[in-house]
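Chains as they are written, first to last, in this note's numbering: chain A, 881 to 1243; chain B, 7 to 379.
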């Protein structure tokens, strides 16, 4: 409004002129031709070993679910690091509400700014596709992370592979309890697909540890009160329990809080699982929990940034088994589409958080 | 219209407000006062728009033809829903269920389409349900005599809840691409999105109805003094009921556009948009107390808000700062005229006789109130 007051005397004729200019001004209409890097050939035909180097001065738009999501803020920072290493830059743009409609202006801005690539965490699997396909038509490469979209021709950066999460949690617990004892799982809802897949791989991995026995799987429905109730039931039914794996952030934090108040249990009981460093920090600090896992969002963003830059430079493609390198993280191979997921790469095994690194993370 | 001079009186503070010079008595005799004061508010909005465009001119890519399309497509459904809401607020009521009706319509369209209904038939059913939902609001407000803010907060939750029951957390896609192209291409030979094109046509219709027909004058009268309007023979209940039905119908139409634009049907479509729609209407100069406003103001408000959001996004101003900028802008432009108007009304109410005198000598009162401020 301050503007409007100071400009007030300019008058309606100028207003009309400005309007006319606004309508008539014919800037770029978003169409863009990308130069193909020598040696890559037509996208989609190069099987592997795409050569060439990453272009300088690339602009990659990171569009998180919203600008305040702590997890994605760290991922965006990882992406910024990647592009900085590559001589380009990251622009982070999104709304404050987790809706597809709030992300669309950011996609439009990327098109207008002739960005080279968009890295997006979709608030909706399909509603962004019309806008993203417009971006692709303008020559922008699309990469998704954290929350995939169902649109065609994009690369999904999968934070962790289902099998690796299941097996690594068993390995992490086994290391802490010397491969011996009765263990239990404190899960979320009995119907949660991802949880059940992880538990399936845990059971498979447990066959490698003959002295560890899974005695029970209980479900806290990702609700602290329910998780506490089933945990107490578990502890009274199996007083000599050696370990609990809770592959859910609600479960593990509830259990950690309980153990924090019942430290006598720690003499024989070890807790691990998937947790948020911010929630688990006090329990790591006071020794209630020795180690837990989660994927590292900084690495996730870093990989997404490299993938986007590589796609934009033609040094990566969406073809199954094609490879690209992602700086400090090493080489990645594009996996074949499976189910509703299109071409994807998997970040790698989850990161283990313990007293040595917990202070570096605040999500 | 008996109550028209009262309009002029209650708007005097606005005339003396930001940007306005004091109206000369000579001018008052030349034109109807209500029409002149409305122009005042719109003039302020035009200046606001110019300021936005001047700011936008300095933002890279803002002055591009593509941008006109983007602003249109981002604002389209919001703008369409603002039109019937303008009339409802003019009568002193409110409809907060607009965005939920959009969501319910989107959901229903997806549900029917998924179950093999021809898309055209599904759209007709959606529009009927929309009108029925509006009729429920209208019934509760006019027949049950319930306050519209409570009723429509209730249906806001109700319609969204029904939408969630219908589709759960799933989404429906696969709408015919001949229809979903409205989300990506402008109307042929123009830079206007289909939604904003439809809005402009509807805006002309609404403007004619509001400003040039007896129905429109009745809407003004209801907003100013519902009982007086009733006693002067205006069918207050019937007009209000019709407006709620119209709102439901048009919001469900906006829901169809929304679904096609995103090529997706989900229960949470348009969550929270009701506040944007209401702020646009108020920013357009429509009084929350009813009885004052114009379609032109609402159209200008749509353009200004669309331009500001686009310019700030292009400049990559953080989303939370954008919210503050738009929020503050809207707040200032809503508080200033409405608080002055509200105070004026309270005074007028406590001085019924003074008010009657004002109808005889409006200019005198105008001078008095300005001095008091």
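The beta carbon of each residue, even a glycine, is placed where N, CA and C say it ideally should be.
- Residue pairing by DSSP places residue 1213 of chain A opposite A:1203 in a beta bridge.
- Contacts between residue 1014 of chain A and chain B, judged by CB atoms closer than 7 Å, involve 190 in chain order.
- The beta carbon of residue 1206 of chain A lies closer than 6 Å to those of 1183, 1186, 1212 in the same chain, with the five residues before and after it left out.
- When CB distances to chain A are screened at a threshold of 8 Å, the residues of the stretch 255-269 of chain B falling below it are 267, 268, 269, in chain order.
- Ranked by Cα distance from residue 152 of chain B, the options B:135, B:187, B:194, B:99 are led by B:99.
- Distances from the alpha-carbon of residue 1190 of chain A to those of A:1119, A:997, A:1166 put A:997 closest.
- Secondary structure in the stretch 1097-1139 of chain A: the alpha helix (DSSP H) runs of 4 residues or longer, each lying completely within the stretch, are 1104-1117 in chain order.
- Residue 303 of chain B carries a helical assignment under DSSP once its states are collapsed to helix, strand and coil.
- Among the CB atoms of chain B, none fall inside 9 Å of the CB of residue 1150 of chain A.
- Within 10 angstroms of the beta-carbon of residue 1021 of chain A lie 16 or more other beta-carbons, which makes it buried.
- Taking a beta-carbon distance threshold of 9 Å, residue 185 of chain B does not count as an interface residue toward chain A.
- Under a criterion of Cβ atoms nearer than 9 Å, no residue of chain A is adjacent to residue 206 of chain B; the nearest Cβ is some 13 Å distant.
- Against chain B, a Cβ distance below 7 Å from residue 947 of chain A picks out 324, 325, 326.
- Looking at the backbone, the Cα of residue 292 of chain B and that of residue 342 of chain B are separated by about 13 Å.
- Taking the beta carbon of residue 239 of chain B as reference, no residue of chain A falls within 7 Å; the closest one sits roughly 39 Å away.
- Residue contact check for residue 1226 of chain A against chain B: no CB pair falls below 9 Å.
- Less than 9 Å divides the Cβ of residue 80 of chain B from the Cβ of residue 984 of chain A.
- Burial check for residue 246 of chain B: the Cβ neighbour count within 10 Å reaches 16 or more, so the residue is buried.
- Interface annotation, residue 332 of chain B: not in contact with chain A, CB-CB separation never under 9 Å.
- The beta carbon of residue 1042 of chain A sits no closer than 9 Å to any beta carbon of chain B.
- For the options B:97, B:173, B:155, the alpha carbon positioned closest to that of residue 111 of chain B is the one of B:173.
- For residue 276 of chain B, at least one C-beta of chain A is nearer than 9 Å to its own C-beta.
- In the three-state DSSP reduction, residue 1036 of chain A falls in the strand class (E or B).
- No Cβ of chain B is located within less than 9 Å of the beta carbon of residue 1020 of chain A.
- Contact between the stretch 959-966 of chain A and the stretch 227-238 of chain B is absent, with fewer than three C-beta pairs closer than 8 Å.
- Between residue 217 of chain B and residue 94 of chain B, the C-beta gap is not smaller than 9 Å, which leaves the two residues out of contact.
- Contacts with chain A at 9 Å (Cβ-Cβ) do not include residue 165 of chain B.
- For residue 975 of chain A, the C-beta contacts it makes with chain B under 8 Å involve 325, in order along the chain.
- Counting only residues of its own chain and dropping the five nearest sequence neighbours on each side, residue 1114 of chain A has a CB closer than 8 Å to the CB of 1064, 1066, 1096, 1098, 1121, 1124.
- Chain B has a Cβ within less than 9 Å of the Cβ of residue 979 of chain A.
- In this structure, residue 88 of chain B lies near residue 286 of chain B, with their beta-carbon atoms less than 9 Å apart.
- Between residue 980 of chain A and residue 270 of chain B, the C-beta gap is smaller than 9 Å, which places the two residues in contact.
- About 19 Å separates the CB atoms of residue 127 of chain B and residue 188 of chain B; that is not less than 8 Å, and the two are not in contact.
- Distance from residue 205 of chain B to residue 86 of chain B at the Cβ level is roughly 5 Å; contact confirmed, criterion being Cβ atoms closer than 8 Å.
- Here residue 1007 of chain A carries a coil assignment [DSSP, helix/strand/coil].
- Listed by position along chain B, the residues whose Cβ is nearer than 7 Å to that of residue 1127 of chain A form an empty set, because the closest Cβ is around 21 Å away.
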